[in-house]
Amino acid sequence: MDQTAASTQAAQAGFDQQFLKQLEYLHIVAKKVFAGKSRAERRSRGQGSGIEFADHRDYTAGDDLRYLDWSVYGRMDRLLLRLFEQEEDLHIYLLIDRSASMRLGGRPDQPLLRRSSEGRIAKLGYAAQLTAALAYVGLANLDRVAIYGLGERLSAELPASRGKGQIFKVFDFLAGLTPDGKTDLRTAIGEFVQRIKRRGIAIVVSDFYDHNGYEEGLNLLRYHRFEPAAIQIIDPVELNPPLRGDLEIVDMETGELREVTLSQSLIAAYKREHDAYCETLAAFCKSRSVSYIRAETAIPFDELTLRVLRQGGFIR
Amino acid sequence: MTPLTLLGLPWGQLLPIAATGTAALTLLYVLRQRRRRLEVPFSPLWQKVLGQSEAQSLWQKLLRVLSLLLQLLVLALLTVSLGDPRLGRSTEGRSLVLLVDASASMQALVPALPGKTRLDLTRAAAEELIRGLHGDDLGVVVQLDGRPAPLGGFSDDERELLSQLGQVTARDTTADLQAGLLLAQALLQGRPRPQIILFSDGGFDESALGSQPSGVEVRFVPLPKSAQLRPTDGNAAITSFAVRRYRRNRLSYEVLLQLSYFPAPGSSTTAKQATLQLYQEGALVDVQKLDLVPGEQTRKLYPSLSGAGTHLEAVLSLSDGDIDLLPVDNHAFAVLPERKRVRLLLVTRGNLFLEGALLAASAGEENHLLIDKVAPTAYSDEKAARYDAVLFDAWTPQQPPDAHAIYLDPQGDTSPFEIAKTVTAPYLSDLDEQHPVLRWVSLADINMSRASVFRLGSFDRPLAQMLKDPIVIAREQPGPAGVRRSVALGFDVRQSDLPLRVAFPVLLMNAMDWFAGDVDEDLGSFRTGQTLVVPLRNGQKTKAPDSRIAQMKQVNLLLPSGQLTTVPVHEGIVKLYGEQAGFYNLQVPELLRGFALALNLAAAEESSVLVRSELRLQKTVLRAPDAGQPALKRTLWPYLLLVALLLLLIEWWTYHRRWTV
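In order, the protein sequence lines correspond to chains A and B. Residues in the first sequence are numbered from 1 upward in steps of one, following my numbering. Residues in the second sequence are numbered from 1001 upward in steps of one, following my numbering.
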């Protein structure tokens, strides 16, 4: 892909050069230390050829004499070998919800990644932009970034890759996502943990509107020693529907119909219920040391990336 | 309290309207509006919210049904409003007959109020009373003229009563107060608190004030003070305009005009100068200056007038400066009766007495009686049909002729008059002197040697009887060829002293006049307020079959106002009631002729334009009516519409508050 086409694609995804520069100074915070294969810019549990001192151990035959601590030998007359922290690459798994409910906010005649003239964007589009930004952060830090689509099952996959040059594949992948089907986090994440043996950070970008509950899916990640993080995408319109009066509400995922007369009091009750749902999700995440960020599509995603995610300690 | 009544649409129409409306409303309620769709990402949240509100679902359903019920209630109210329901009357209400005088005197002008008549003031007083009626009062307006009649039904509706009052029209007739009171009494029969309220100038004849209806209170509303007579007021009137034939010459007439000036009480007795004009067929033929002395009658005679069928009109006018209150009696109308010659067939074997009497009856300057004599052997029905009348002298034909007939001593099985018995030396004890045939005739001391006693038929009327045994009878029998009149004497005139008396030719002449229909002495004009009987007859130029006249059902009548109307004809006779002074013309194209009649007010009690502020019936002074008390109007539809509007507002409010959706 030539440079012009790449720039156009990045611009379509809402990235300009300045934003990308800013992203390059960031990296995703991992609370745990994961063992990597390749040398990278992250500490690992393994001691190796890094520059940061980690420990001493007794010398054994065959060890590299260059790492003998001669000053200790002089003081204590013991041959101790200096150990350094080995810097390894991190696996970042971005799990993006592509269920039908993520279509909310978009218009059929408009690309998912682009905001409409009214400033609205589909939740999936917003999630894709956020995912792309996170992926860029990871790629820029030589982490291995993989992206998976979540629906009723684990439905799409961008295999792990490293280096900023892979960002265009990320764009391609994300642009190819279409909202469809139900949300079933337990099944989709179940498939994910079965397939992925390499542990790492698993960031779930979703609205967490799972009729069967989001808890089991997030717990599966924890049980399989991933470091889960949750970014909940919310469209402000879903908190304040534009219509009033006699309506027929349709569930975007199940197609379930229900007649309702939308009054101010009913909307207030709904808002309370929605807040409680989100608070429950936040409390669930907090109690299980799962990073949680609530992202409203009304917030420009660069602001979200550069300010909100940093303030939340999600990236640094 | 009487039940609710409907004055608008009946239940038969209201129920289908209500049923259709209810069906439409229910259908709309069931169908309801198609709802807009709203896509939501996660319906369980909504279900949770709605689940809380559905705890009230039963109440919500009830509210929705309440919405339908409100609409159905509004529909019911609107439907019932179409029926114009009225509350029943309480027993507090009066039943009133407003007897409004519409006699000729009510046309009198009120000098104090130029352009106003007494009827205008009376109508205003009645309107004021109607507007002040008690809410439970029920009333009806009766026009009091020569033929009183209600102008509608009993009503508590002010507009209806005012509409009835608006129909009151002054007539050129007298007011029949007794008939009006009897009618009002009949109308109020069985109604609670009946009362008659008489609106009048009080110008009634004393004889009309003699009796008071029992069980019904009569109140009197006189004319206001502004209509009271002033000393300068008065009324000049033609009180009579009559035409009569001379007894000896039936083809010549004389005309009598009777004039009066009726002064206001307390005015001077100075004679008023007046001008009398006589018009014949619209052309002025005579003008005379007269002095009318107040309270006295002035007669003017026009002898030996000729010209059959001529329209005469007399116009009386006072000199300038004198007030003449009533215009209607300043004009009088008359029609000179047509000259009629009567063809008589005398069937006799020879009777000098009879022929002498007929000769005397027909004697004159112009002979109106044309007599042919035949012997019984030469008589035939065909010959008789060519005559107006046939006189059978002691001989009876096989069948009655197709003409009027006089039978002297009819005998035998073929006689149309059945003989019950024969009496000898009878005397006549009971005489019907009111009958036209016996006018100016005295038969009380007639001597007869023998007489037949007739058995009366259904069309017979005894004229002379001996102790209830009819000996002289008159028959008036309708038939396919018209009415046939006949007179039968049950004795042979030669066996009595009747031919020797003056009564005999007069009797024959009267019979001829009766046959011809000329029974009134005053010809040419009639009084208004009477039912006139006009027999349709052939003219001189045509001879239509009598059966054709008998088959006529109606003829056109041209009224004095110029209005053309139709009147029914029954067996060749037209009966019409004249309530307007002037010429009436019956138009009968089938007979190639018309019948002209003249009607005049000719009523001194009306022309006197008397105003009474106090009226007595049987010496009881009639009080003024009580003022009405304001009460609830029983018209319900405005209230029903108000409630319907209120319900609609409630329904609208609850709908927009989302209580009933």
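A virtual CB, placed ideally from N, CA and C, is assigned to each residue, including glycine.
Alpha carbon to alpha carbon, how far is residue i from residue j?
i	j	result
B:A1624	B:L1129	11 Å
B:L1077	B:A1644	6 Å
B:P1085	B:Y1639	11 Å
A:T60	A:S71	18 Å
B:P1114	B:Q1143	25 Å
A:D246	A:R258	11 Å
A:Y223	A:L68	40 Å
B:G1215	B:R1191	11 Å
B:P1148	B:S1067	57 Å
A:P323	A:R103	With chain A covering only 1 through 316, there is no way to say anything about residue 323 of chain A.
B:L1050	A:P242	18 Å
B:S1452	B:P1499	18 Å
B:V1080	B:L1027	22 Å
A:R39	B:E1039	Reliability of the predicted coordinates at A:R39 is poor, the pLDDT of 47 falling under 50, and the value obtained from them is presented with this limitation in mind. So the two alpha carbons sit approximately 49 Å from each other.
A:L113	A:A127	9 Å
A:A283	A:A188	23 Å
B:V1285	B:Q1277	8 Å
B:L1187	B:V1168	18 Å
B:S1105	B:R1230	16 Å
B:A1179	B:E1158	26 Å
A:G318	A:L174	Outside the displayed span of chain A (1 to 316) sits residue 318 of chain A, for which this structure offers no information.
B:R1035	A:S101	22 Å
B:R1171	B:L1096	23 Å
B:A1544	B:E1590	Because the pLDDT of B:A1544 is 47, which lies under 50, any placement of that residue in the model is unreliable, and the question is left without a value.
B:D1469	B:R1450	13 Å
B:L1375	B:I1549	Residue 1375 of chain B is actually Ala in this sequence, not Leu. So the two alpha carbons sit approximately 32 Å from each other.
Inspect the beta-carbon positions of residue i and residue j and report whether they are closer than 8 Å.
i	j	result
B:T1122	B:V1100	yes
A:K182	A:T254	yes
B:R1485	B:F1515	yes
A:L94	A:V137	no
A:L124	A:T305	no
B:P1044	A:H91	no
B:P1224	B:A1108	no
A:I96	A:V193	no
B:T960	B:K1289	The first residue shown for chain B is 1001 and the last is 1661, placing residue 960 of chain B beyond what the model contains.
B:G1132	B:L1161	no
B:A1384	B:P1401	yes
B:L1073	B:G1021	no
A:R98	A:S161	no
A:A295	A:I196	no
A:L57	A:L83	Note on identity: in this sequence residue 57 of chain A is Arg, with Leu being the wrong assignment. It is a contact, given that the beta carbons lie within the stated cut-off.
B:T1232	B:S1267	yes
A:V199	A:F226	With the sequence shown as reference, residue 199 of chain A is identified as Arg, and Val is not the correct amino acid for it. A contact, by the Cβ cut-off of 8 Å.
Does residue i come within less than 8 Å of chain D when only Cβ atoms are used?
i	result
B:W1653	In the structure shown, chain D does not exist; the protein chains are A and B.
Since residue i and residue j should fall inside the 8 Å C-beta cutoff, what is the C-beta to C-beta distance between them, to a whole number of angstroms?
i	j	result
B:S1466	B:S1496	Sequence check: residue 1466 of chain B is Met here, not Ser. B:M1466 to B:S1496, Cβ: 13 Å. No contact.
B:K1368	B:V1342	The amino acid occupying residue 1368 of chain B in the given sequence is His; Lys does not appear at that position. The Cβ separation is near 6 Å, so the contact holds.
B:H1311	B:V1293	Their Cβ separation, rounded to whole angstroms, is 30 Å, which puts B:H1311 and B:V1293 out of contact at 8 Å.
A:E273	B:K1048	6 Å
B:F1491	B:I1471	7 Å
A:A202	A:P236	A:A202 to A:P236, Cβ: 27 Å. No contact.
*Is the region 1418–1438 of chain B touching the region 1388–1404 of chain B in the sense that three or more CB pairs, one from each, lie closer than 8 Å?*
They do not touch, by the three-pair rule.
ask   = Are at least three pairs of beta-carbons, each pair with one atom in the region 1192–1212 of chain B and one in the region 1570–1585 of chain B, less than 8 Å apart?
value = In short, these stretches do not touch, since the Cβ pair count stays below three.
Review point. What alpha helix (DSSP H) runs, 4 residues minimum, are completely inside the region 181–231 of chain A?
Key: Complete alpha helix (DSSP H) runs here, min 4: 185–195 and 215–223.
Next on the checklist: Closer than 8 Å is the cut-off here; do at least three beta carbon pairs connect the region 1237–1247 of chain B with the region 1174–1183 of chain B?
Outcome noted: Fewer than three Cβ pairs drawn from the region 1237–1247 of chain B and the region 1174–1183 of chain B lie within less than 8 Å of each other, which leaves the two stretches out of contact.
(message) Between the region 1425–1432 of chain B and the region 1442–1452 of chain B, can you find at least three pairs of beta-carbon atoms closer than 8 Å?
(response) Touching, per the Cβ criterion.
Count Cβ pairs between the region 1327–1341 of chain B and the region 1580–1599 of chain B that sit closer than 8 Å; are there 3 or more?
By the Cβ criterion, the region 1327–1341 of chain B is in contact with the region 1580–1599 of chain B, since at least three pairs of Cβ atoms, one from each stretch, lie closer than 8 Å.
* Asked: Would the region 1611–1619 of chain B and the region 1209–1229 of chain B be scored as touching if the rule is three or more Cβ pairs under 8 Å?
  -> With the rule of 3 Cβ pairs closer than 8 Å, the region 1611–1619 of chain B counts as touching the region 1209–1229 of chain B.
- Segments of 3+ residues assigned as beta strand (DSSP E) that fall wholly inside the region 1292–1358 of chain B: Scanning the region 1292–1358 of chain B from its first residue to its last, the whole beta strand (DSSP E) runs of 3-plus residues come out as 1297–1305, 1311–1318, 1331–1335 and 1342–1347.
Worksheet item: Would you call the region 1250–1263 of chain B and the region 1343–1358 of chain B touching, i.e. three or more CB-CB distances under 8 Å?
Response: Judged by Cβ distances under 8 Å, the region 1250–1263 of chain B makes no contact with the region 1343–1358 of chain B, as fewer than three pairs qualify.
* Asked: Residue ranges of each alpha helix (DSSP H) run of no fewer than 4 residues wholly in the region 79–149 of chain A, ordered along the chain?
  -> Look at the region 79–149 of chain A and you find these whole runs of alpha helix (DSSP H), each 4 residues long or longer: 123–140.
Go through the region 1100–1181 of chain B residue by residue and report every complete run of the alpha helix (DSSP H) that reaches 4 residues or more, in order.
-> Here the runs fully enclosed are 1118–1131 and 1158–1166.
Inset, instruction - Note down, one range per segment and in chain order, each beta strand (DSSP E) of at least 3 residues found wholly within the region 149–179 of chain A. - result: Within the region 149–179 of chain A, the complete beta strand (DSSP E) runs of at least 3 residues are 154–161.
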